[in-house]
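Enquirer: For reference, the structure I am asking about is given below.
Residue numbers (full-length UniProt numbering): 1 to 411.
Now the structure itself:
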């Protein structure tokens, strides 16, 4: 059996930078649904847009959607194993500390989901982390990889097979599919009314209704998340992400395999449709296309991670520029939602539906550049981002020093 590789103490700049890169992709994914109903998630490239907006929509759907979600989730799994292995190496308690960490993240996620934006992923991360803690903290590297692949393939494979089984559809299936658009349009209209012109209270009620409706989806999402977490953990245990320079050949192989497999699956999805809407005779193709697109996400996320680490291992400006943003990922993720909903929702500036996809992408790039600059400014003065600091305080049961140079016990 492969011996686990102990992670070095302290921050790993290249992993912080990778987290910062993932944060940009998350913003590019999420911005669309600050100004559109969450019911539209998964429907791909929108129709009736101008040329620039269509190009931007295509680029995000093909290169970003599903890939950076996977990359961010890989990073979460890496973090779990890094903390676990460091605690064991130091002979420090891990379970009670990580349990409090999960509960703190769950509380932050619930507040974010109900009070700010219902597209939250933190609640699912917290629940998945609890399962990691209970079931997988004593699993070795090879078993971690095997479980990770199995937990990913099972729900994704079922999704793809369900779509394949729907093609072609018979008369009874077609009749049932015709009911879907009217139902979805009703839900969509309720969201649009609440978010585009409603008060914060009305938007909160719409968020609560959406989250309640999405609860069954956790049965599909959690196994997938666990799978990605475990694969991320394996990347740490194998040593690949701890010392990219020493594992260039493995990273090159991972990148090549990820681009080929993920690219073929994504191409197969696009061959069917770039707008997988469950409607009429095309419903089966839509489900199959969405399943193939989903299946291609993780291989491409791994390829992106490998490519980034290969570039970062050369040194230069890349890790130095992005690492501070990665160290403040929780703060920046929440800030993106706060600013996005304030800009677009009716209880904010009310720009709902006013900014096309090209403008959204440009806005994200500008805002992320500001976040990177703010991260450098903040971390020259403070030890952590504000939400990271509060999360750490809850986890350890005391307020750690925030200002650089402050003594322990101060704030």
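Yeah, the Cβ is synthetic: ideal placement off N, Cα and C, and Gly gets one too.
Comparing C-alpha positions only, which one of 161, 162, 159, 131 sits nearest to residue 147?
Expert: Out of 161, 162, 159, 131, 131 has the C-alpha closest to the C-alpha of residue 147.
Enquirer: Rounded to whole angstroms, what's the CA-CA distance from residue 358 to residue 55? Just pull it up for me.
Expert: Taking the straight line joining both Cα atoms gives about 8 Å.
Enquirer: Write down the C-beta distance between residue 391 and residue 104 rounded to the nearest angstrom, noting that I regard them as a contact closer than 8 Å.
Expert: Confirmed, about 5 Å.
Enquirer: Indicate whether residue 248 and residue 13 have their beta-carbon atoms separated by less than 9 Å.
Expert: Not a contact, by the Cβ cut-off of 9 Å.
Enquirer: Tell me the rounded alpha-carbon separation between residue 402 and residue 241.
Expert: Between residue 402 and residue 241, the C-alpha separation is close to 29 Å.
Enquirer: Return the residue from the list 64, 291, 71 that minimises the CA-CA distance to residue 227.
Expert: Taking only the C-alpha atoms, the option nearest residue 227 is 71.
Enquirer: Report the three-state DSSP secondary structure of residue 275 (helix, strand or coil).
Expert: Note: residue 275 maps to coil in three-state DSSP.
Enquirer: Secondary structure at residue 195, three-state DSSP: helix, strand or coil?
Expert: Residue 195: helix per DSSP, three-state reduction.
Enquirer: Give, in chain order, every unbroken run of the alpha helix (DSSP H) that is at least 4 residues long and sits entirely within the region 251 to 316.
Expert: Counting only runs of 4 or more, we get 283 to 312.
Enquirer: Just list the residues that DSSP pairs residue 382 with in beta bridges.
Expert: BP columns for residue 382 point to 403.
Enquirer: Run through DSSP, which three-state label would residue 238 get?
Expert: Correct three-state label for residue 238: coil.
Enquirer: Which residue's Cα is closest to the Cα of residue 380: 324, 343, 371, 351?
Expert: Of the candidates 324, 343, 371, 351, the one whose C-alpha sits nearest the C-alpha of residue 380 is 324.
Enquirer: How should residue 95 be labelled, buried or exposed, when 16 other C-beta atoms within 10 angstroms of its C-beta is the threshold for buried?
Expert: It is exposed - the Cβ of residue 95 has fewer than 16 other Cβ atoms within 10 Å.
Enquirer: In chain order, what residues of the same chain lie with their CB nearer than 6 Å to the CB of residue 384, ignoring the 5 residues before and after it?
Expert: Result list for residue 384: empty, nothing under 6 Å.
Enquirer: Taking a contact to mean a Cβ-Cβ separation below 9 Å, would you say residue 208 touches residue 195 in this structure?
Expert: No, these two residues do not count as a Cβ contact at 9 Å.
Enquirer: Unbroken alpha helix (DSSP H) runs of length 4 or more, entirely within the region 64 to 136: which are they?
Expert: For the region 64 to 136, whole alpha helix (DSSP H) runs of length 4 or above, ordered along the chain, are 67 to 90, 95 to 115, 122 to 131.
Enquirer: My output table needs one value for residue 351: the three-state DSSP class, helix, strand or coil.
Expert: In this structure, residue 351 counts as coil in the three-state DSSP scheme.
Enquirer: If you draw a straight line from the C-alpha of residue 296 to the C-alpha of residue 399, how long is it?
Expert: Going from the Cα of residue 296 to the Cα of residue 399 covers about 43 Å.
Enquirer: Leaving out the 5 sequence neighbours to the left and right, which residues in its chain are closer than 6 Å to residue 117 when beta-carbon positions are compared?
Expert: Closer than 6 Å at Cβ, skipping near neighbours: 337, 341.
Enquirer: In the DSSP assignment, find the alpha helix (DSSP H) that holds residue 336 and state where it starts and stops.
Expert: Run containing residue 336: 329 to 344, per the alpha helix (DSSP H) assignment.
Enquirer: Within 10 Å of its beta-carbon, does residue 330 have 16 or more other beta-carbons around it, so buried, or fewer, so exposed?
Expert: Result: buried.
Enquirer: So what does DSSP say about residue 203, is it helix, strand or coil?
Expert: Looking at residue 203 - three-state DSSP - the assignment turns out to be helix.
Enquirer: Counting C-beta neighbours from all protein chains within 10 Å, is the total for residue 366 16 or more, i.e. buried, or is it exposed?
Expert: Exposed, since its Cβ has fewer than 16 Cβ neighbours within 10 Å.
Enquirer: Going by C-alpha distance, which of 261, 124, 205, 33 is nearest residue 216?
Expert: Among 261, 124, 205, 33, the Cα nearest to that of residue 216 belongs to 124.
Enquirer: Give the secondary structure of residue 390 by DSSP, where H, G and I count as helix, E and B as strand, and everything else as coil.
Expert: Here residue 390 sits in helix by DSSP.
Enquirer: By alpha-carbon positions, which one of 119, 294, 48 ends up nearest to residue 266?
Expert: It is 294.
Enquirer: Does the separation of the CB atoms of residue 21 and residue 322 fall below 9 Å?
Expert: For residue 21 and residue 322, yes; Cβs fall inside 9 Å.
Enquirer: If we ignore side chains and look at the alpha-carbon of each, how far apart do residue 253 and residue 133 end up?
Expert: Spanning the two alpha carbons is a distance of roughly 31 Å.
Enquirer: How many Å lie between residue 410 and residue 386 at the Cα?
Expert: For residue 410, the predicted structure reports a pLDDT of 40, less than 50, and the residue's modelled location is therefore unreliable. A value from the coordinates is still provided. One C-alpha to the other measures close to 15 Å.
Enquirer: By the three-class DSSP mapping on this structure, what secondary structure does residue 208 have?
Expert: Of the three classes helix, strand and coil, the one that applies to residue 208 here is helix, per DSSP.
Enquirer: Rounded to whole angstroms, how far is the Cβ of residue 74 from the Cβ of residue 286, which I believe are closer than 8 Å?
Expert: Wrong, their Cβ atoms sit about 28 Å apart, outside the cutoff.
Enquirer: Got a sec, what are the start and stop residues for the alpha helix (DSSP H) residue 30 sits in?
Expert: Segment 13 to 30, the alpha helix (DSSP H) holding residue 30.
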